[in-house]
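Residues 0 to 801 (numbering that gives the first Met the number 0) are what the sequence shown spells out, left to right.
All C-beta atoms, glycine included, are put in the ideal place defined by N, C-alpha and C.
Worksheet for the structure shown next.
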Amino acid sequence: MSTEQPKVSDRGADTDPSGATPSGGPATGAPAVTPDGSATDPTSVPPAAPATAAADATATPAPAAPTKVDAAAKTAKEPKDAASAKDDVKAEADATTKDAAKEKADSEPKADGAGGTPTAPVKGGATPAPDDLFRPSERARLAAEAKAAARARRAEKAKAKADAKAAAKAKAGPPAKSDAKAGPDAKKGDPKTAATVGAMTVVQKVTLVKTGDRWSAFAPAPVTLPGRIRRIFHAIGRGLIHEWTLAAVGAVVLAVLMTWPTLRYPQHTIPQDIWDPTLQAWQMAWSGHILLTDPTQLWHSNAFYPERWTFAFSDTLLGYAPAGMIGDGPVAALVRYNIIFVLVHALAFFGAYVLARQLGAGKTGSAVAGAAYAYAPWLLSQAGHLHVLSNGGIPLALAMLARGHGWSLRHGYRPERRHAGWALAGWFVAAWQISLGFGIGLPFAYVLALIAVVAPVIWLVQRLRSTGPKRPFGVKLLLADIFGGAVFAATGLALAIAYFKVAELHPNARRSVGDLELFSPPVGGFFTAPPESRIWGELHAGAREALPWNAEMTLLSGFVLYALAAAGLLFSIWTVRQRLFLLAAVLISAILSMGTQFFGGTFTYIPLFETLPGWDGLRTPGRLAIWTTLLLAILAAGAVSALVVRAGESVAERVPARPGPWLRLATLLPLVLVLVEGANVTPHPIVPAQPAAFRQVDGPMLVLPSNQGVDQHVMLWSTTRFQPVVNGGSGFTPRQLTEIREATASFPDPASIGYLRGLGVRTVVLLRDRVAGTPWQTTIDLPVDSLGIQREDAGEVVVFRL
Numbered sequence: 000m001s002t003e004q005p006k007v008s009d010r011g012a013d014t015d016p017s018g019a020t021p022s023g024g025p026a027t028g029a030p031a032v033t034p035d036g037s038a039t040d041p042t043s044v045p046p047a048a049p050a051t052a053a054a055d056a057t058a059t060p061a062p063a064a065p066t067k068v069d070a071a072a073k074t075a076k077e078p079k080d081a082a083s084a085k086d087d088v089k090a091e092a093d094a095t096t097k098d099a100a101k102e103k104a105d106s107e108p109k110a111d112g113a114g115g116t117p118t119a120p121v122k123g124g125a126t127p128a129p130d131d132l133f134r135p136s137e138r139a140r141l142a143a144e145a146k147a148a149a150r151a152r153r154a155e156k157a158k159a160k161a162d163a164k165a166a167a168k169a170k171a172g173p174p175a176k177s178d179a180k181a182g183p184d185a186k187k188g189d190p191k192t193a194a195t196v197g198a199m200t201v202v203q204k205v206t207l208v209k210t211g212d213r214w215s216a217f218a219p220a221p222v223t224l225p226g227r228i229r230r231i232f233h234a235i236g237r238g239l240i241h242e243w244t245l246a247a248v249g250a251v252v253l254a255v256l257m258t259w260p261t262l263r264y265p266q267h268t269i270p271q272d273i274w275d276p277t278l279q280a281w282q283m284a285w286s287g288h289i290l291l292t293d294p295t296q297l298w299h300s301n302a303f304y305p306e307r308w309t310f311a312f313s314d315t316l317l318g319y320a321p322a323g324m325i326g327d328g329p330v331a332a333l334v335r336y337n338i339i340f341v342l343v344h345a346l347a348f349f350g351a352y353v354l355a356r357q358l359g360a361g362k363t364g365s366a367v368a369g370a371a372y373a374y375a376p377w378l379l380s381q382a383g384h385l386h387v388l389s390n391g392g393i394p395l396a397l398a399m400l401a402r403g404h405g406w407s408l409r410h411g412y413r414p415e416r417r418h419a420g421w422a423l424a425g426w427f428v429a430a431w432q433i434s435l436g437f438g439i440g441l442p443f444a445y446v447l448a449l450i451a452v453v454a455p456v457i458w459l460v461q462r463l464r465s466t467g468p469k470r471p472f473g474v475k476l477l478l479a480d481i482f483g484g485a486v487f488a489a490t491g492l493a494l495a496i497a498y499f500k501v502a503e504l505h506p507n508a509r510r511s512v513g514d515l516e517l518f519s520p521p522v523g524g525f526f527t528a529p530p531e532s533r534i535w536g537e538l539h540a541g542a543r544e545a546l547p548w549n550a551e552m553t554l555l556s557g558f559v560l561y562a563l564a565a566a567g568l569l570f571s572i573w574t575v576r577q578r579l580f581l582l583a584a585v586l587i588s589a590i591l592s593m594g595t596q597f598f599g600g601t602f603t604y605i606p607l608f609e610t611l612p613g614w615d616g617l618r619t620p621g622r623l624a625i626w627t628t629l630l631l632a633i634l635a636a637g638a639v640s641a642l643v644v645r646a647g648e649s650v651a652e653r654v655p656a657r658p659g660p661w662l663r664l665a666t667l668l669p670l671v672l673v674l675v676e677g678a679n680v681t682p683h684p685i686v687p688a689q690p691a692a693f694r695q696v697d698g699p700m701l702v703l704p705s706n707q708g709v710d711q712h713v714m715l716w717s718t719t720r721f722q723p724v725v726n727g728g729s730g731f732t733p734r735q736l737t738e739i740r741e742a743t744a745s746f747p748d749p750a751s752i753g754y755l756r757g758l759g760v761r762t763v764v765l766l767r768d769r770v771a772g773t774p775w776q777t778t779i780d781l782p783v784d785s786l787g788i789q790r791e792d793a794g795e796v797v798v799f800r801l
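Okay, here's the thing in structure tokens:
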């Protein structure tokens, strides 16, 4: 039987990289099988060996896994940063080496247990003939194929382990501390990893070390907490752009503009006139001076010598005592007064603004309320009464109390918004307001008392009638109300003691019903502007002539305000019930402001005058128009806020959804009109300068001539040394001062000199520029040697030493 030569396949074309045929048949070099099942020996066919060798030589080499020698060579070439990852890679490399050794042992040819013939697994299930296995070339080929397969399996296992490890680290998060400088995927000898780590910046390398993930180098920079200094600056920045900060700054700027030229020459001029303002400049100076030197003598001022409790002859402005501690002398007193004059307007605007905001009005509506309250035309006639203009603490205290109790007119009581600190601050502001004077503070105290009685009753009734969760009040808030109310009451009582003492010592200081009739304005006064109004002053000159005391009877709150308040009754953010309540409050306050002009005041003002403690000291009921103006301003704020809301709704479908410039101007028009109507032409006269002698003479002294106007100047001039002076001006004239003026009309003569010596007066100063038309016009230069006194010319004055 002739044998066929075996067919040798070209592995470069018909086998896969592992050496197996594509069809799964015997590998190249395996013995051919004859039809009868016997195998031919490939070694007996000389041409087969060269073909197989050629095939081996031309076969495509399988990708070789890096050996230990290659790994060492590559490791030596790694950058320093990649080599630092050895701690993480070492354990993984050991495990991989063990797996490779095991797989290599499994892939080695094993001896058959029966015949001892070595066999080698070949892909596809075929096994070469036993005789072929002893050929060196065939054994080398089989060993190379086995190693290639093992390397491929090790590479797959290593990759799977690395992926699992990376997923576990990503899930657990970055470790707190790690010495690794490369991620888990960084292998020793990997040129790509080494190049990546080498090209990293210092920040990226540090991040890589901390996180153990090489991809974290491309993540955003970690957020660091700011330090203490930075947090302080951030808090200051937030405070500077807060709504209340902007409102306060805007209020001050607006006050400077609306009261101009008050601050143009603050050392020489004073608003309105040179009578009551100079008295109030002296009051602030005295309170600051005496609290620094001898607080026990606060109520016994240097004026009206030898009277006692003289500081309580008028509203004291005691709340401005801290300002009075700065500077001394008449010039400092004038500058202080002018600054305070501007600031009281700013406080009135700010107080009404925050009250309207707390009640639920918008920003524009609240600005209208603040402007209407602070710059109402009728207040221009009170420019010389700083204690009347100092009303900003009223709405500010009400706003703080409402905020502390979590209450607003629009939203009602909201327990989650309670804050005991705001409530306590509201009581303190109320106490400060009443310290400025009872002319404005006393009605405010009774309003707070009324609220303190009615509000708890309403809260209790609603709590009992409520079927849902009970609305809490809170222990902290209750304690704040008790303590704050006690402070407010104690302040009022401490001030009232001095005034009750004055009323006891000076019965003529009490007001009568006749005084009320003199100062009670008619209903027409609410539509008449004072002469200081730039818009209506000249136009209302005829109407003012019909008023018996126009300074206290021109009570125009503003026609623009009236119109806005009327619109607020029909179109507002307030509910109908709230609008009706505000309207009723407006009417009640207006009726009380009319005093005896509303049906004789029999059922309105007179009962309060006769029953409420301290009310008989209020002779000017028209000043209650403060409450009328405030309530009208709240009604107007509701209307303007509704207008702004409607304007926003009209542009809701636009892109962008915000009002245009013309619509914005339309919503600001009410504010502009209110401010225009509040423009003034208030005069700013020059205050008479202090005579130089007042900085040298000692007291007690009397300045002649003596009358209400001159005496108020004398009080201001005495602020350099605060020596006791007989002169004084206030809301009433003590009887002793009247007697002194009558007894010294013939000074200098023996009778008047003896009378003054009996009072303890040691110096008399005669003002040359004030003696015209008086008895001293002819006697000022007469010799006084025979009278036992000394006469000294001191420029514009003559000093007599008794």
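Quick check on residue i - is its C-beta less than 8 Å from some C-beta in chain B?
{"i": "SER365", "result": "Here chain B cannot be found, since the structure has a single protein chain."}
Can you list, in chain order, the residues of its chain whose CB lies under 8 Å from that of residue i, leaving out five sequence neighbours each side?
{"i": "THR277", "result": "ILE269, VAL686, GLN711, HIS712, MET714, LEU715"}
{"i": "PRO699", "result": "TYR304, PRO305, GLN722, PRO723, VAL724, VAL725, LEU758, GLY759, VAL760, ARG761, THR762"}
{"i": "LEU388", "result": "PHE340, VAL343, HIS344, ALA347, LEU378, GLN381, ALA382"}
Please go through the same chain and pick out, in chain order, the residues whose beta-carbon is closer than 7 Å to the beta-carbon of residue i, but skip the five residues on each side of it.
{"i": "ALA396", "result": "GLY425, VAL428, ALA429, GLN432"}
{"i": "ALA584", "result": "LEU630"}
{"i": "LYS773", "result": "At residue 773 the sequence reads Thr, which differs from the Lys that was named. PRO704, listed in sequence order."}
{"i": "LEU623", "result": "PRO442, SER588, LEU591, SER592"}
{"i": "PRO733", "result": "PHE303, GLU306, HIS505"}
In whole angstroms, what separates the C-alpha of residue i from that of residue j?
{"i": "ALA166", "j": "LEU224", "result": "29 Å"}
{"i": "ALA632", "j": "ILE450", "result": "20 Å"}
{"i": "LYS186", "j": "ARG153", "result": "Unreliable positioning characterises LYS186 in this predicted model, as indicated by a pLDDT of 44, which lies under 50. The coordinate reading is nonetheless provided below. Answer to the nearest angstrom: the Cα atoms are 15 Å apart."}
{"i": "THR802", "j": "VAL764", "result": "Within the shown structure, residues of the chain are numbered from 0 to 801, placing residue 802 beyond reach of any answer."}
{"i": "ASP784", "j": "LEU297", "result": "40 Å"}
{"i": "ALA542", "j": "LEU560", "result": "20 Å"}
{"i": "GLY753", "j": "VAL770", "result": "22 Å"}
{"i": "LEU385", "j": "VAL343", "result": "8 Å"}
{"i": "ALA448", "j": "LEU400", "result": "13 Å"}
{"i": "VAL650", "j": "ALA635", "result": "23 Å"}
{"i": "THR42", "j": "ARG150", "result": "With a pLDDT of 40 at THR42, under the threshold of 50, the modelled position of that residue is not reliable, and no figure is offered here."}
{"i": "THR363", "j": "ILE587", "result": "27 Å"}
{"i": "ASN337", "j": "HIS267", "result": "10 Å"}
{"i": "LEU662", "j": "ALA351", "result": "25 Å"}
{"i": "GLY328", "j": "LEU239", "result": "36 Å"}
{"i": "ASP13", "j": "ALA143", "result": "Any reading at ASP13 needs caution, since the residue's pLDDT is 40, under 50, leaving its predicted position unreliable; the model's value is listed next. Roughly 18 Å separates the two Cα atoms."}
DSSP three-state label for residue i, please.
{"i": "SER407", "result": "strand"}
{"i": "SER745", "result": "coil"}
{"i": "VAL764", "result": "strand"}
{"i": "ASN706", "result": "coil"}
{"i": "GLU791", "result": "strand"}
{"i": "ILE228", "result": "helix"}
{"i": "VAL724", "result": "strand"}
{"i": "LEU701", "result": "strand"}
{"i": "ILE685", "result": "strand"}
{"i": "VAL797", "result": "strand"}
{"i": "ASN679", "result": "strand"}
{"i": "TYR374", "result": "coil"}
{"i": "THR192", "result": "Note that THR192 scores 48 on pLDDT, short of 50, meaning its location in the model is unreliable; the coordinates nonetheless yield the value given after this. Helix at THR192."}
In chain order, what residues of the same chain have a beta carbon less than 6 Å from the beta carbon of residue i, not counting five sequence neighbours either side?
{"i": "ALA398", "result": "VAL353, LEU354, GLN357"}
{"i": "LEU423", "result": "ALA479, GLY483"}
What do you reckon, is the C-beta of residue i under 7 Å from a heavy atom of the ligand ADP?
{"i": "ALA691", "result": "Of ligands this structure carries none, so the ligand ADP is not represented either."}
Pairs of beta-carbons, one from the region 412 to 425 and one from the region 307 to 318, closer than 8 Å: are there three or more? no
Which complete alpha helix (DSSP H) runs does the region 312 to 370 hold, if anything under 4 residues is left out? 320 to 323, 329 to 358
What runs of the alpha helix (DSSP H), each 4 residues or longer, lie entirely inside the region 422 to 487? Entirely contained in the region 422 to 487, the alpha helix (DSSP H) runs reaching 4 residues are, in chain order, 437 to 464.
Decide yes or no for the touch test of the region 522 to 534 against the region 547 to 557: beta carbon pairs closer than 8 Å, at least 3 of them. yes
Note down, one range per segment and in chain order, each alpha helix (DSSP H) of at least 4 residues found wholly within the region 489 to 531. 512 to 518
Going residue by residue through the region 246 to 321, where are the continuous alpha helix (DSSP H) segments of at least 4 residues, counting only ones entirely within it? 275 to 292
Would you say the region 666 to 686 touches the region 370 to 387, given that touching needs at least three Cβ pairs under 8 Å? At 8 Å Cβ cutoff, the stretches touch.
Entirely within the region 565 to 633 and at least 4 residues each: give me those alpha helix (DSSP H) ranges in chain order. 575 to 592, 604 to 610
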